[in-house]
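Trainee: Just dropping this structure here.
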Amino acid sequence: MEETRIKELQRLAIAVRRDALRVQQTVGSGHLGGAFSAVELLIYLYFQRMRLDPARPDWPERDSFILSKGHAAIGYYSVLARRGFFPHAELDSYRQLGSRLQGHTQLDAAPGIEASTGSLGQGYSFGLGIALGNRKQGRQNTVYVMVGDGELDEGQVWEAVRLQSRLKLAGLVLIVDDNQLQLDDYTRNVNGAADLAAVFRAFGFHPVPTDGHDFAAIERAFAALRPDRPNVIIARTVKGKGISFMEDRIEWHAQKVNEAEYRQALEELRQQEVALA
Amino acid sequence: MNGWQAPRDSFGQTLVELGETHPELFVLNADVAKATKTEAFAARFPDRYLNVGIAEQNMAGVAAGLARSGLVPVMSTFACFAPGRCYDQIRQSIAYSNLNVKIAATHPGLSVGMDGAIHQSLDDLALMRALPGLVVLAPSDAVQTRKALIRAVEHQGPVYLRIGRLECPNLFPAAEDFVIGKAYTLRDGSDVTLIAHGATVQLVWAAAAELERSGVSVRVLDMPSLKPLDREALRRAARETGRIVTVEDHWLCGGLYSAVCEELAAGGPCRIRGIGVGDVFGESGAPGALYAKHGLTQERLLQEVARLLA
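If you're matching them up, the sequences are chains W and A in order.
FYI, the numbering used here numbers position 43 of the first sequence as 43, with every residue one higher than the one before it.
FYI, the numbering used here numbers position 28 of the second sequence as 1028, with every residue one higher than the one before it.
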């Protein structure tokens, strides 16, 4: 990826974080921590990787993305809006009565939303079903599913992993947003430390570890996917990434920013933007 | 009457028939193909069949994804697992997403008998009826199961289909059309209405003949559509007979009795009695013995009718 393109994507990441902060400040709720860990991955997928057409959200040849960690919707909606699926102004309706932007994603509620999620653990099964259906109907498109590392507590994920290790559907890519925190504690404290790459390798997967905030590294990871094996990208990320006082802090799973924190967060994003110029 | 057959056998045969005419049909099984009778479909259409293993939650999610891709999946397992094992998956991935999945659940209620309480789904209709937008069907015999499956596959949207396990007489007229949301009047009468779904339709049918012999005019409603309900048929029964007895192989909580009470509570005076399993778990035993223990019998039905008429 060219340096200028990387900078464009980095500016977009700042814009998405600013959107999410502003929306949370306006609406009074939303999960910033897990949204911010996923920002670069989402931007890479929607602005660099996926075959899609915002004017035709139901185009049969499109690639699909499933945000299985549905609480990260506050950042995801910003990415969809900035990619052109619906008006940017609609972000302010997030979590409000009558909105298309539900607190957790709802399939087809607004253009571009490809799954109903929020009850964790279901997205990979759903993506596997789409990928299987695509293959049966002769389509070559790809389904990307993002799960959180905490979400891997859910047994259903491993039911789907086993099925994919048997079917080896080429058009299905699992992405773990490995921010190492879940709602109550560090993931390692909740469910034990696990070498995710080794675990997935034992299931027959091709694991690709990457830095989930570095666009060049993310691109290298996607380039390393193999057509002959089930693929999982294990993206090491930081919960609350981009805002100093939120990074890797348990309380920012869904905590609301106060006025002073809001101003400081915006100032930090402004400085990041200046540094890019 | 035209013979005896197990509804699940009819389900398996009809799936194969539908497979010939519906190339979009895809059958999922959670390692119980012999019991749910999806084996024949697997043999005839191996490319449109998948055993996902003992993983019902994953099956529900995969079914939702297949529907999203444009296929028409039929996911099949026992009624104790779908919805019991994967209620949340049906709720989020299928019903809330309004995806075109057909949930085919065999071995309902006490009919599994010896396997005991764990395998006796006495709550499946309660769970499925609670979900907005989900059609809930419990056909009564093999003929009706065949027709209900065809309609379920043609219907655009999620459907739960409760399929009987045991052989039973075919009471549903072969010439009769099956319409989702319609109750069927098997016998018309003016003193009392007996309503059932699934295997208990044969019970009310036999009891009605007995009652008619003793001079009671009995209406028998076969109510295979738990959702949407045939409100008009229910209101007419309440108005014209003033007395209703429901009979079902399900907990009284949340099934047919609940549905009828919910519908008629705001209407005119009508006395309603429910026969079903009370607030207890089942246990191992022959299906007939379990039916007897829980009052799913002609004797109990006649008692309830006598009480209403007294």
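Where is the CB? At the ideal position from N, CA and C, for every residue including glycine.
None of these values were measured; they are calculated from a predicted model.
Going by beta carbon distance, what residues of the same chain come within less than 7 Å of Glu-1283(A), once the five residues before and after it are set aside?
Mentor: The residue you call residue 1283(A) lines up with position 283 of the second sequence. Taken in chain order, the residues that qualify are Gly-1116, Ala-1117.
Trainee: Please report whether the beta-carbon of Arg-1068(A) lies at a distance below 8 Å from any beta-carbon of chain W.
Mentor: Your numbering for residue 1068(A) matches position 68 in the second sequence. Output row for Arg-1068(A): interface = yes.
Trainee: Do Ala-1082(A) and Ile-1103(A) have their CB atoms nearer than 8 Å?
Mentor: Along the second sequence, read from residue 1 onward, the residue named residue 1082(A) stands at position 82. Along the second sequence, read from residue 1 onward, the residue named residue 1103(A) stands at position 103. Cβ distance < 8 Å, so Ala-1082(A) and Ile-1103(A) count as in contact.
Trainee: Chain W partners of Ser-1097(A), CB-CB under 9 Å?
Mentor: Residue 1097(A) sits at position 97 when you count from the first residue of the second sequence. Within chain W, the residues near Ser-1097(A) are Gln-106, Leu-107, Asp-108, Ala-115, Ser-116, Phe-126.
Trainee: Can you tell me whether DSSP reads Met-1001(A) as helix, strand or coil?
Mentor: As a working note, residue 1001(A) is residue 1 in the second sequence. A caution first: Met-1001(A) carries a pLDDT of 47, below 50, which makes its placement in the model too unreliable to give a value.
Trainee: Taking Cβ positions only, does Ile-243(W) come closer than 8 Å to chain A?
Mentor: Along the first sequence, read from residue 1 onward, the residue named residue 243(W) stands at position 243. It does not; no Cβ of chain A falls within 8 Å.
Trainee: Give me the Cα-Cα distance between Glu-2(W) and Asp-19(W), rounded to the nearest whole angstrom.
Mentor: Here residue 2(W) is taken as the residue at index 2 of the first sequence, counted from 1. Here residue 19(W) is taken as the residue at index 19 of the first sequence, counted from 1. C-alpha separation (whole angstroms): 26 Å.
Trainee: Give a yes or no on contact between the stretch 14 to 32 of chain W and the stretch 82 to 96 of chain W, applying the rule of three or more CB pairs nearer than 8 Å.
Mentor: Yes: at least three Cβ pairs fall under 8 Å.
Trainee: How would you write the range of the beta strand (DSSP E) that Phe-1041(A) sits in, first residue to last?
Mentor: The residue given as residue 1041(A) occupies position 41 in the second sequence. Phe-1041(A) -> not in any beta strand (DSSP E); alpha helix (DSSP H) instead, spanning 1039 to 1044.
Trainee: Following a CB-centred definition, is Asn-1098(A) positioned closer than 7 Å to any heavy atom of the ligand ATP?
Mentor: As far as ligands go, the structure on display features none, and thus does not contain the ligand ATP.
Trainee: For the stretch 1021 to 1033 of chain A, which residues have a CB atom closer than 8 Å to at least one CB atom of chain W, in sequence order?
Mentor: Going along the stretch 1021 to 1033 of chain A in chain order, one finds Phe-1026 with a Cβ nearer than 8 Å to chain W.
Trainee: Any contact of the stretch 260 to 274 of chain W with the stretch 1134 to 1141 of chain A, i.e. 3+ C-beta pairs under 8 Å?
Mentor: Touching, no.
Trainee: Suppose you measure from the CA of Ala-1306(A) to the CA of Asp-1191(A); what does that come to, to the nearest Å?
Mentor: Here residue 1306(A) refers to the residue found at position 306 when the second sequence is read from its first residue. Here residue 1191(A) refers to the residue found at position 191 when the second sequence is read from its first residue. Approximately 11 Å, taken between the alpha carbons.
Trainee: With 8 Å as the C-beta to C-beta threshold (strictly closer), list the residues of the stretch 147 to 160 of chain W near chain A in chain order.
Mentor: Listed by position, the residues of the stretch 147 to 160 of chain W near chain A (Cβ gap below 8 Å) are Gly-155, Gln-156, Glu-159, Ala-160.
Trainee: Just grab the DSSP bridge partners of Thr-1316(A) for me.
Mentor: Summary: the structure shown does not reach residue 1316(A), with chain A confined to residues 1001 through 1310, and so no result is reported for it.
Trainee: On a CA-only basis, which of Gly-240(W), Ser-244(W), Tyr-262(W), Asn-258(W) is nearest Leu-32(W)? Give me that one, please.
Mentor: Numbered from 1 along the first sequence, position 32 holds the residue referred to as residue 32(W). Selected option, being the one with the closest Cα: Gly-240(W).
Trainee: Between which residues of its own chain and Met-1001(A) is the CB-CB distance below 8 Å, once the five residues before and five after are set aside?
Mentor: By one-based count along the second sequence, residue 1001(A) stands at place 1. In this prediction, Met-1001(A) scores a pLDDT of 47, lower than 50, which makes its location untrustworthy; the coordinate-derived value is nonetheless stated afterwards. Excluding residues within five positions, the ones whose Cβ falls inside 8 Å are Pro-1169, Asn-1170, Leu-1171.
Trainee: Exposed or buried, which one is Asn-258(W) when buried takes at least 16 other CB atoms within 10 Å?
Mentor: In the first sequence, residue 258(W) corresponds to position 258, counting from 1. Burial call: exposed.
Trainee: In chain W, what lies closer than 7 Å to Gly-1267(A) by C-beta?
Mentor: Reading the second sequence from its first residue, position 267 is the one you call residue 1267(A). In chain order: nothing, as chain W lies at least about 33 Å away.
Trainee: Note down, in chain order, each residue of its chain lying with its Cβ closer than 7 Å to the Cβ of Thr-1200(A), except the 5 sequence neighbours on either side.
Mentor: The residue you call residue 1200(A) lines up with position 200 of the second sequence. Around Thr-1200(A): Val-1247, Glu-1248, Asp-1249, Leu-1296.
Trainee: Against chain A, with Cβ distances strictly below 8 Å, would Gly-98(W) count as a contact?
Mentor: Your numbering for residue 98(W) matches position 98 in the first sequence. No, Gly-98(W) does not count as interfacial toward chain A.
Trainee: Which residue comes first and which comes last in the beta strand (DSSP E) that contains Ile-233(W)?
Mentor: For this step, residue 233(W) is matched to residue 233 along the first sequence. From DSSP, the beta strand (DSSP E) with Ile-233(W) extends over 231 to 236.
Trainee: Does the distance from the C-beta atom of Gly-1164(A) to that of Pro-1007(A) stay below 8 Å?
Mentor: Working through the second sequence from its first residue, we reach residue 1164(A) at position 164. Working through the second sequence from its first residue, we reach residue 1007(A) at position 7. Yes, they are a contact pair.
Trainee: Would Ala-1126(A) and Val-1101(A) qualify as a contact pair, given that the criterion is a beta-carbon distance under 8 Å?
Mentor: Your numbering for residue 1126(A) matches position 126 in the second sequence. Your numbering for residue 1101(A) matches position 101 in the second sequence. Not a contact, by the Cβ cut-off of 8 Å.
Trainee: How about Val-1220(A) and Val-1245(A): do their beta carbons lie closer than 8 Å?
Mentor: The residue given as residue 1220(A) occupies position 220 in the second sequence. The residue given as residue 1245(A) occupies position 245 in the second sequence. Going by C-beta atoms, Val-1220(A) is not nearer than 8 Å to Val-1245(A).
Trainee: Sort Leu-172(W), Val-161(W), Arg-83(W), Phe-245(W) by Cα distance to Ala-265(W) and report the nearest one.
Mentor: Taking the first sequence and counting its residues from 1, the one referred to as residue 265(W) is at position 265. Nearest of Leu-172(W), Val-161(W), Arg-83(W), Phe-245(W) to Ala-265(W), Cα basis: Phe-245(W).
Trainee: Flag this pair as yes or no: are the beta carbons of Ile-233(W) and Ser-1069(A) separated by less than 8 Å?
Mentor: Position 233 of the first sequence, counted from the start, is the residue given in the question as residue 233(W). Position 69 of the second sequence, counted from the start, is the residue given in the question as residue 1069(A). Not a contact, by the Cβ cut-off of 8 Å.
Trainee: Start and end of the alpha helix (DSSP H) containing Pro-1287(A)?
Mentor: As a working note, residue 1287(A) is residue 287 in the second sequence. Where Pro-1287(A) is concerned, the enclosing alpha helix (DSSP H) stretches over 1287 to 1293.
Trainee: Tell me, which residues are paired with Arg-1162(A) by DSSP?
Mentor: Locating residue 1162(A) in the second sequence gives position 162, counting from the first residue. Ala-1105(A).
Trainee: In angstroms, rounded to a whole number, what distance separates the CA positions of Arg-56(W) and Leu-152(W)?
Mentor: Position 56 of the first sequence, counted from the start, is the residue given in the question as residue 56(W). Position 152 of the first sequence, counted from the start, is the residue given in the question as residue 152(W). About 33 Å.
Trainee: In the stretch 1068 to 1089 of chain A, which residues sit with their C-beta less than 9 Å from some C-beta in chain W, listed in chain order?
Mentor: Going along the stretch 1068 to 1089 of chain A in chain order, one finds Arg-1068, Ser-1069, Gly-1070, Leu-1071, Pro-1073, Cys-1086, Asp-1088, Gln-1089 with a Cβ nearer than 9 Å to chain W.
Trainee: In chain A, which residues lie less than 7 Å from Phe-119(W) when you measure between Cβ atoms?
Mentor: The residue you call residue 119(W) lines up with position 119 of the first sequence. Correcting the residue identity first, residue 119(W) is Ser in this sequence and not Phe. Those are Asp-1088, Gln-1092, listed as they occur along chain A.
Trainee: Less than 8 Å between the CB atoms is what I'm expecting for Gly-1316(A) and Tyr-1257(A), so what's the real figure, rounded?
Mentor: Outside the modelled stretch of chain A, which goes from 1001 to 1310, sits residue 1316(A), for which no answer is possible.
Trainee: Could you work out which residues of chain W lie near Ala-1063(A), taking near to mean beta carbons separated by less than 8 Å?
Mentor: Within the second sequence, numbered from 1, the residue matching residue 1063(A) stands at position 63. Those are Gly-129, listed as they occur along chain W.
Trainee: To be precise: take each residue of the stretch 1044 to 1056 of chain A, compare its Cβ to all Cβ atoms of chain W, and keep it if any distance is under 8 Å. Which residues remain?
Mentor: Listed by position, the residues of the stretch 1044 to 1056 of chain A near chain W (Cβ gap below 8 Å) are Asp-1047, Arg-1048, Leu-1050, Val-1052, Gly-1053, Ala-1055.
Trainee: Who are the near neighbours of Thr-1077(A) in its chain, counting only those whose CB is closer than 6 Å to its CB and skipping five residues on each side?
Mentor: The residue you call residue 1077(A) lines up with position 77 of the second sequence. Only Ala-1030, Val-1032, Glu-1056 meet the Cβ criterion.
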